[in-house]
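Asker: Just passing along the structure, written as structure tokens.
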Amino acid sequence: MSTPTVLVVDDEPQIVRALRINLTARGYKVVTAHDGTAALKAVAEAKPDVVVLDLGLPDMDGNEVIAGLRGWSAVPIIVLSARSDSPDKVQALDAGADDYVTKPFGMDELLARLRAAVRRSAVSTSDGMDAVVRTDSFTIDLAAKKVLRDDREVHLTKTEWGVLELLVRNRGRLVSQKQLLREVWGPAYETESHYLRVYLAQLRRKLEQEPSRPRHLLTEPGMGYRFEN
């Protein structure tokens with residue numbers, strides 16, 4: 026069996042050092058990141074088996090990192106945080122974390138949870154989607170939340186990105202109108218299908234070579250939309 030890789034994301038040097046020593050001694054390869062931006066990049070490049078993530082990062086909240094990763098990666102995430110209140114735990118788990126350990130923590134407990142996460146990672150049925158998805162017209166970097174066309178970044182609004190990301194992470198599969206509206210705008214907007222027509226038209230103008238004859242952002246009439254690369 027190959028050596029499992031653990032990404033430790035924490036801005037406290039003493040925590041990072043303690044985890045590196047303990048995990049290395051138990052046969053793990055350890056990669057570290059001190060903020061959310063570095064964490065997203067490290068997952069894309071190092072492809073760790075598990076992420077151990079602090080929520081209080083200097084550049085963004087850990088829940089934003091979880092949401093960002095869940096846009097394209099199924100890697101198990103163990104939150105390691107001083108926030109012990111139930112709402113904080115619920116928010117992290119709802120964002121996509123697999124487990125939650127509060128600081129101060131016992132190393133034996135963390136190691137047990139880590140072993141369980143590695144087992145889940147090993148038997149995952151995820152298709153291992155890459156962070157970078159290329160078409161003949163544009164390139165989508167799901168980790169950096171950027172789109173490039175002709176080597177230039179295309180500016181997308183937050184909503185446009187939300188629609189594109191959902192379609193890309195379900196590439197090749199039909200995404201219903203209701204699912205798009207629910208996940209991008211919220212449950213109260215499930216019947217507002219005209220929103221989708223507007224935003225898909227905007228995305229096609231920005232990304233497709235021939236917006237009137239799209240090759241990548243496809244409409245399934247009366248049902249929903251599909252991304253093909």
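Using the numbering used here, you'd call the opening residue of the sequence shown number 26 and step up by one each time. Glycine is no exception: its CB is placed at the ideal position from the N, C-alpha and C atoms. Remember, it's a predicted structure, so these values are computed and weren't measured experimentally.
Distance, Cα to Cα, residue 240 vs residue 109?
Answerer: Here residue 240 refers to the residue found at position 215 of the sequence shown. Here residue 109 refers to the residue found at position 84 of the sequence shown. So the two alpha carbons sit approximately 48 Å from each other.
Asker: Can you list, in chain order, the residues of its chain with a C-beta nearer than 6 Å to that of residue 173? Leave out the 5 residues immediately preceding and following it.
Answerer: Translated into positions along the sequence shown, residue 173 becomes position 148. Excluding sequence neighbours, residue 173 sits near 164.
Asker: Going by C-alpha to C-alpha distance, which of 71, 134 and 43 sits closest to residue 168?
Answerer: Residue 168 sits at position 143 when you count from the first residue of the sequence shown. Out of 71, 134 and 43, 71 has the C-alpha closest to the C-alpha of residue 168.
Asker: Rounding to the nearest angstrom, what Cα-Cα distance links residue 112 and residue 63 in this structure?
Answerer: Sequence index remark: in the sequence shown, residue 112 carries index 87 (1-based). Sequence index remark: in the sequence shown, residue 63 carries index 38 (1-based). Spanning the two alpha carbons is a distance of roughly 26 Å.
Asker: To the nearest angstrom, how far is the alpha carbon of residue 65 from that of residue 190?
Answerer: Walking along the sequence shown from the start, residue 65 turns up at place 40. Walking along the sequence shown from the start, residue 190 turns up at place 165. Taking the straight line joining both Cα atoms gives about 15 Å.
Asker: Would you give the residue range spanned by the alpha helix (DSSP H) that residue 30 belongs to?
Answerer: As a position in the sequence shown, residue 30 is number 5, starting the count at 1. Element bounds for residue 30: not the alpha helix (DSSP H) but the beta strand (DSSP E), 30–34.
Asker: Which of helix, strand or coil does DSSP assign to residue 110?
Answerer: Within the sequence shown, the letter at position 85 stands for residue 110. Residue 110 falls in the coil class under three-state DSSP.
Asker: Let's test the definition: count the other Cβ atoms within 10 Å of the Cβ of residue 98 and tell me whether it reaches 16, buried, or not, exposed.
Answerer: Mapped onto the sequence shown, residue 98 falls at position 73. Residue 98 should be labelled buried.
Asker: Any chance the region 221–230 sits against the region 126–140, with 3 or more Cβ pairs inside 8 Å?
Answerer: Not touching, per the Cβ criterion.
Asker: Evaluate residue 28 with the Cβ neighbour count: other Cβ atoms within 10 Å of its Cβ, from every protein chain shown; 16 or more gives buried, anything less gives exposed.
Answerer: What you label residue 28 is simply residue 3 of the sequence shown in a count that begins at 1. So residue 28 counts as exposed.
Asker: Hey, which unbroken runs of the alpha helix (DSSP H) at 4 residues or more fall wholly within the region 129–203?
Answerer: Counting only runs of 4 or more, we get 132–147 and 183–194.
Asker: Do residue 138 and residue 102 have their C-beta atoms within less than 7 Å of each other?
Answerer: To locate residue 138, count along the sequence shown from 1; it is residue 113. To locate residue 102, count along the sequence shown from 1; it is residue 77. Their beta carbons are not under 7 Å apart, which means residue 138 does not touch residue 102 by this criterion.
Asker: Just the Cα atoms here: how many angstroms apart are residue 58 and residue 35?
Answerer: Residue numbering aside, residue 58 sits at position 33 when the sequence shown is read from its first letter. Residue numbering aside, residue 35 sits at position 10 when the sequence shown is read from its first letter. About 7 Å.
Asker: Please name the residue in 30, 67, 68 and 42 whose C-alpha comes closest to that of residue 53.
Answerer: Working through the sequence shown from its first residue, we reach residue 53 at position 28. Here the closest residue by C-alpha is 30.
Asker: Bridge partners of residue 58, per DSSP?
Answerer: Numbered from 1 along the sequence shown, position 33 holds the residue referred to as residue 58. 34.
Asker: Please classify residue 229: is it buried, with 16 or more other beta-carbons within 10 angstroms of its beta-carbon, or exposed?
Answerer: Translated into positions along the sequence shown, residue 229 becomes position 204. It counts as buried.
Asker: Determine whether the beta carbon atoms of residue 162 and residue 234 lie at a separation below 7 Å.
Answerer: Counting from 1 along the sequence shown, the entry for residue 162 is found at position 137. Counting from 1 along the sequence shown, the entry for residue 234 is found at position 209. Going by C-beta atoms, residue 162 is nearer than 7 Å to residue 234.
Asker: Can the beta-carbon of residue 192 be found less than 7 Å from the beta-carbon of residue 200?
Answerer: In the sequence shown, counting from the first residue as 1, residue 192 sits at position 167. In the sequence shown, counting from the first residue as 1, residue 200 sits at position 175. Cβ atoms of residue 192 and residue 200: closer than 7 Å.
Asker: What span of residues does the alpha helix (DSSP H) with residue 253 cover, start to end?
Answerer: The sequence position of residue 253 within the sequence shown is 228, counting from 1. Run containing residue 253: none; DSSP gives neither H nor E here.
Asker: Just the Cα atoms here: how many angstroms apart are residue 60 and residue 134?
Answerer: Counting from 1 along the sequence shown, the entry for residue 60 is found at position 35. Counting from 1 along the sequence shown, the entry for residue 134 is found at position 109. Near 24 Å, if we compare the C-alpha coordinates of residue 134 and residue 60.
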